[in-house]
Amino acid sequence: MNTSLLIWIILAPLLGALINGFLYFYHIKKQKVSEIYFALIGTITPLISFLITLNLFLQMLEEKVIFKQHIFTWLNVEKLNIEMNFLGDNLSIFMSMFVTFVGWLIHIYAIGYMKNDEGFGKFFAYFNLFLASMLILVLADNPIILFIGWEGVGVCSYLLIKFYYGNKENVLAANKAFIVNRVGDFGFLLGVVTLFFALGQVDLSFGTIEANISNVSNELLIISGFLLFVGAMGKSAQIPLYVWLPDAMAGPTPISALIHAATMVTAGVYMVARFHFLYSGIEEIGLFIAYIGAISALLAAIIATRQTDIKKILAYSTMSQLGYMFIAVGLGFYSTGLFHVFTHAFFKAMLFMGAGGIIIALHHEQNIFKIAKHRANLPIIGFTFLVGVIAISGIPPFSGFFSKDAILAAAFQEGQYLIWAIALFTAFLTAYYMFRMYFIVFVAPNHHNEEYVYTSKTITIPLLILAIGAIGAGFLNLPAIFGGNHFVDTWLSQLNSKHIHMDHTTEYVLMALSIIVAATGIMAAYAKYANFDLSKPEKEIGFIGNKFYIDEIYDSLFVQPTKALSTFIDKIIDDKIIDAFIMSSSTTFINIGKKVAMIQNANVRFYAAFMLVGMTCIFVYLYITLGL
Numbered sequence: 040m041n042t043s044l045l046i047w048i049i050l051a052p053l054l055g056a057l058i059n060g061f062l063y064f065y066h067i068k069k070q071k072v073s074e075i076y077f078a079l080i081g082t083i084t085p086l087i088s089f090l091i092t093l094n095l096f097l098q099m100l101e102e103k104v105i106f107k108q109h110i111f112t113w114l115n116v117e118k119l120n121i122e123m124n125f126l127g128d129n130l131s132i133f134m135s136m137f138v139t140f141v142g143w144l145i146h147i148y149a150i151g152y153m154k155n156d157e158g159f160g161k162f163f164a165y166f167n168l169f170l171a172s173m174l175i176l177v178l179a180d181n182p183i184i185l186f187i188g189w190e191g192v193g194v195c196s197y198l199l200i201k202f203y204y205g206n207k208e209n210v211l212a213a214n215k216a217f218i219v220n221r222v223g224d225f226g227f228l229l230g231v232v233t234l235f236f237a238l239g240q241v242d243l244s245f246g247t248i249e250a251n252i253s254n255v256s257n258e259l260l261i262i263s264g265f266l267l268f269v270g271a272m273g274k275s276a277q278i279p280l281y282v283w284l285p286d287a288m289a290g291p292t293p294i295s296a297l298i299h300a301a302t303m304v305t306a307g308v309y310m311v312a313r314f315h316f317l318y319s320g321i322e323e324i325g326l327f328i329a330y331i332g333a334i335s336a337l338l339a340a341i342i343a344t345r346q347t348d349i350k351k352i353l354a355y356s357t358m359s360q361l362g363y364m365f366i367a368v369g370l371g372f373y374s375t376g377l378f379h380v381f382t383h384a385f386f387k388a389m390l391f392m393g394a395g396g397i398i399i400a401l402h403h404e405q406n407i408f409k410i411a412k413h414r415a416n417l418p419i420i421g422f423t424f425l426v427g428v429i430a431i432s433g434i435p436p437f438s439g440f441f442s443k444d445a446i447l448a449a450a451f452q453e454g455q456y457l458i459w460a461i462a463l464f465t466a467f468l469t470a471y472y473m474f475r476m477y478f479i480v481f482v483a484p485n486h487h488n489e490e491y492v493y494t495s496k497t498i499t500i501p502l503l504i505l506a507i508g509a510i511g512a513g514f515l516n517l518p519a520i521f522g523g524n525h526f527v528d529t530w531l532s533q534l535n536s537k538h539i540h541m542d543h544t545t546e547y548v549l550m551a552l553s554i555i556v557a558a559t560g561i562m563a564a565y566a567k568y569a570n571f572d573l574s575k576p577e578k579e580i581g582f583i584g585n586k587f588y589i590d591e592i593y594d595s596l597f598v599q600p601t602k603a604l605s606t607f608i609d610k611i612i613d614d615k616i617i618d619a620f621i622m623s624s625s626t627t628f629i630n631i632g633k634k635v636a637m638i639q640n641a642n643v644r645f646y647a648a649f650m651l652v653g654m655t656c657i658f659v660y661l662y663i664t665l666g667l
């Protein structure tokens, strides 16, 4: 069904970005503009996107239709035809719903967080552009348009991570994120190119690719699937391309919430789900994806147990939860993986926003032990933070339990017991490090008689709304043993996703084991940190505290050799060889020119003699060759 509304889901935040951008230039060049105008434009435009998406969602529920919109033909060269088309099917509308809703709440939160910041208007311009880029990615009808949004979120993340560019560390963090993601993006682009040549199609729409995928050899499918997943490794911070994510915490907390909850890092999971027709036919790559997800989840969880920065703990938790999502989609349970994307958006956005409220209250302190020493009275933030850590730990009836348990059950059902065991142990670590953070920040005695109160409605109201989602979102895909109707699985049935089918006894046992493991992690954290002596704070030392020295290894293996090679090319190849050759050649030609120029002496007799010699040579040549 054709509609003109799809483009407006994207245009609303895009226009917000443009208007806020022009207002900001007017603000710094001509006359001061009130923050109210930036805030209104910045928050109303995502709301418009959400309302349009909601309208389309309700129409799809009632009429069982799929929306498409043709904008224009972008490129038509021989066999390559690229249409600027947008697709509103069950998958894209599902993603757009919570991307716009959670994104809108984060925009509201940003008003309070960024209040009185010199770059307030610039921030909202970038923020709106970030959301628009993600929506292009989600609504794209072909991989080329998807790639535009894919690169758009990458550029916006760079701009926002280095938002406070006066700090060198922020700039380095942004550069790191940008470069690492370019590595992944190059793989993604090569995957699309491979797929194009394998298909030989003039139309690269997802529908055409799916209809003709059976004509592609298994070898090319494996190559293309692997290269596409390299892109997902970068965007969704999976090993080995995850090192940018913790450093990305240099940006303002609202952008951390947006990156980790509703945009960018979920793009990789979405992309794999969008190419479900490709990955369903190559189980080798699917299993590879699942193992990458499992190892990434475990590695991130282990590192998080020794971190002291509240935002970096949450960053590693995001990497870990993304690992769960890749376990699900890698094993062919696409709707299950996307269900965890959905529930994760609520509690992770809430946790980051709660962390931001704590950081603001403590004058931008991020060390959890220092935060605890000077604890502020934050009843709403404290409550919502507790909801968030319970949800991510997988305790029923909170949303994280249902989505995480479904992933564990999927791995067990497929007979991937090693992946299941890794995921189960990671669940224990998740509960441990998340409650470690909670007990230190909110519970451990700090021996201070007075705690000051900090409140801001633009911060607390979005937190309370998200808390509802963190508690209740799991019921949208309630297991059949609890009388659920699997709404999410049904809605995403187009993905040909596998579903969990096992006897109730096994399912109950797996659930009980999951709860016991999570509860054990909570009790271990309580025993160690509920009464922790804050005068002896933990430090990021040792093998785990230094994140397994992965950054140092990458620096030795890739960064320093690249710098050395660049220096060699610059100082030796460029200066000593290329430049020297060009300068030497130039000098030679100049000297020859000077010698030749000597004949231009303005002496008429010399010119006449020169002509006579020339004519004589011509006559001699004609006599010898022609006999004249």
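Residues in the sequence shown are numbered from 40 upward in steps of one, following the working numbering.
Note that the Cβ used here is the ideal one computed from N, Cα and C, for glycine as well.
Since this is a predicted model, take the numbers as computed values, not measurements.
Could you check the C-alpha separation between residue i and residue j for me, to the nearest Å?
| i | j | result |
| --- | --- | --- |
| L97 | F587 | 48 Å |
| Y373 | G246 | 18 Å |
| L234 | F365 | 22 Å |
| G205 | E74 | 22 Å |
| Q599 | M562 | 44 Å |
| F265 | N570 | 48 Å |
| G290 | G395 | 11 Å |
| K107 | M134 | 16 Å |
| M123 | I110 | 5 Å |
| T305 | H383 | 10 Å |
| N416 | I397 | 10 Å |
| L178 | E577 | 45 Å |
| E258 | I321 | 9 Å |
| S623 | G632 | 14 Å |
| P518 | A603 | 56 Å |
| F408 | A466 | 24 Å |
| I261 | I324 | 7 Å |
| Y456 | L463 | 10 Å |
According to DSSP, is residue i part of a helix, a strand, or is it coil?
| i | result |
| --- | --- |
| I48 | helix |
| M550 | helix |
| M173 | helix |
| N516 | helix |
| G127 | strand |
| D224 | helix |
| N585 | coil |
| L119 | strand |
| A569 | coil |
| N406 | strand |
| D242 | strand |
| A179 | strand |
| N416 | strand |
| H543 | helix |
| I657 | helix |
| E208 | helix |
| R644 | helix |
| Q452 | helix |
| S432 | helix |
| D444 | helix |
| L401 | coil |
| L579 | One point to set straight first is that residue 579 is Glu, not Leu, in the sequence displayed. Coil, per DSSP. |
Assign residue i to one of two classes, buried (16 or more other C-beta atoms within 10 Å of its C-beta) or exposed (fewer than that).
| i | result |
| --- | --- |
| F437 | buried |
| F582 | exposed |
| S131 | buried |
| A171 | buried |
| C195 | buried |
| P85 | buried |
| V231 | buried |
| D613 | exposed |
| D609 | exposed |
| E546 | buried |
Along the chain, where does the beta strand (DSSP E) that runs through residue i open and close?
| i | result |
| --- | --- |
| G109 | What sits at residue 109 in the sequence shown is His, not Gly. Unbroken beta strand (DSSP E) run through H109: F106 to V116. |
Looking at residue i and the ligand MN, is the gap between the Cβ and the nearest heavy atom below 8 Å?
| i | result |
| --- | --- |
| S253 | Ligands displayed in this structure: none; no statement on the ligand MN is therefore possible. |
Which stretch, first to last residue, makes up the alpha helix (DSSP H) that contains residue i?
| i | result |
| --- | --- |
| T357 | I349 to G369 |
| V311 | A306 to R313 |
| Y76 | E74 to E102 |
| P7 | With the chain covering 40 to 667 only, the question about residue 7 has no answer from this structure. |
| M622 | A619 to A636 |
| M670 | The requested residue 670 does not occur in the structure, where the chain is confined to residues 40 to 667. |
| P484 | Counting along the chain, P484 falls outside any alpha helix (DSSP H), and DSSP gives it neither H nor E. |
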